[in-house]
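In what follows, a structure is listed as structure tokens, so that the remarks can point back to it.
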Amino acid sequence: MKKLFMLSLALLELLVASTAEAVPLTSGQVPNVVPRHASSPVHYNRIQPRGWTSLSHWGEAIAIGTDGFIEMKDLKMTCEVDGQRQTIVSGLSNVGAGRYLIDPWYGGDNQGAITITKTPEGYLKIPVKQGHISHWWSSKRPRIINGRNCRVESTIKASPGVYFSIGGDWWIDQSSGWAGDMVNNVYMGRSSWFDYNGGWQEVVFQ
Numbered sequence: 034m035k036k037l038f039m040l041s042l043a044l045l046e047l048l049v050a051s052t053a054e055a056v057p058l059t060s061g062q063v064p065n066v067v068p069r070h071a072s073s074p075v076h077y078n079r080i081q082p083r084g085w086t087s088l089s090h091w092g093e094a095i096a097i098g099t100d101g102f103i104e105m106k107d108l109k110m111t112c113e114v115d116g117q118r119q120t121i122v123s124g125l126s127n128v129g130a131g132r133y134l135i136d137p138w139y140g141g142d143n144q145g146a147i148t149i150t151k152t153p154e155g156y157l158k159i160p161v162k163q164g165h166i167s168h169w170w171s172s173k174r175p176r177i178i179n180g181r182n183c184r185v186e187s188t189i190k191a192s193p194g195v196y197f198s199i200g201g202d203w204w205i206d207q208s209s210g211w212a213g214d215m216v217n218n219v220y221m222g223r224s225s226w227f228d229y230n231g232g233w234q235e236v237v238f239q
């Protein structure tokens with residue numbers, strides 16, 4: 034009996050640790066606090082604006098019913114540059130995060146600091162608070178010229194009640210801050226939304 038219990042426990046741990054391709058939510062499954070324009074996958078600008086020199090991956094998460102968290106095991110961003118796909122970002126270094134109001138969507142730019150911690154395994158852990166959006170991005174934007182067709186991949190685990198998506202922006206340079214819509218940055222687009230599935234999920238924006 035004890036051997037059977039130990040075998041069942043080991044199988045459960047294996048299932049929890051395993052990674053599955055993320056199953057996207059339909060727009061009807063996304064919580065209604067997310068505006069319609071942000072509830073579905075979209076790709077606005079596949080080609081880097083002429084004269085611009087940088088970009089950023091990003092992600093966002095909301096919590097419904099209870100505060101929660103997301104964990105990030107890995108992160109990669111690739112783009113086509115002069116016809117060749119190149120790795121622009123690889124790994125979990127240089128990730129920053131901030132908190133915004135859900136209503137209005139991304140309202141309030143000073144809603145309390147977000148502290149990103151590391152798990153014992155070295156994964157990033159980002160808290161997600163009800164009524165707010167947890168937003169993360171490249172804290173050191175990489176330089177790129179003549180980029181297009183970028184792809185962001187990340188392995189993410191969410192706690193129950195947490196919904197999340199990922200995407201990317203083009204930036205005019207590596208240091209300019211946000212100055213309003215379509216000024217220093219333009220929207221590449223976003224992935225579908227995803228939610229808790231009990232384990233790790235391979236999430237892609239492309």
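Start counting the sequence shown at 34; every next residue gets the next number (the working numbering). Beta carbons: idealized from backbone N, C-alpha and C, even for Gly.
- Taking C-alpha positions only, Gly180 is separated from Gly213 by approximately 23 Å.
- Cβ contact annotation for Ser73 (same chain, cutoff 6 Å, sequence separation greater than five): Ser60, in chain order.
- When secondary structure is reduced to three states using DSSP, Arg174 falls in the coil class, being assigned neither helix nor strand.
- For the 7 Å CB-CB criterion, Ile135 and Gly164 form a contact.
- Arg223 carries a strand assignment under DSSP once its states are collapsed to helix, strand and coil.
- When C-beta atoms of the stretch 78 to 89 are compared with those of the stretch 197 to 216, three or more pairs fall below 8 Å, so the two segments count as touching.
- Sequence-distant Cβ neighbours of Gly145 in its own chain, meaning closer than 6 Å and more than five residues away, are Arg132.
- Going by C-alpha positions, Phe197 is about 26 Å away from Gln119.
- Following the DSSP letters along the chain, one finds Trp211 in no beta strand (DSSP E), marked with neither H nor E.
- Distance between Gly101 and Gly194, taken at the CA atoms: about 7 Å.
- Under the three-state reduction of DSSP output, Ala53 falls in the strand class.
- With a beta-carbon spacing of about 6 Å, Gly232 and Ser51 fall inside the 8 Å limit used to define contacts.
- Per DSSP, Gln163 has no beta-bridge partner at all.
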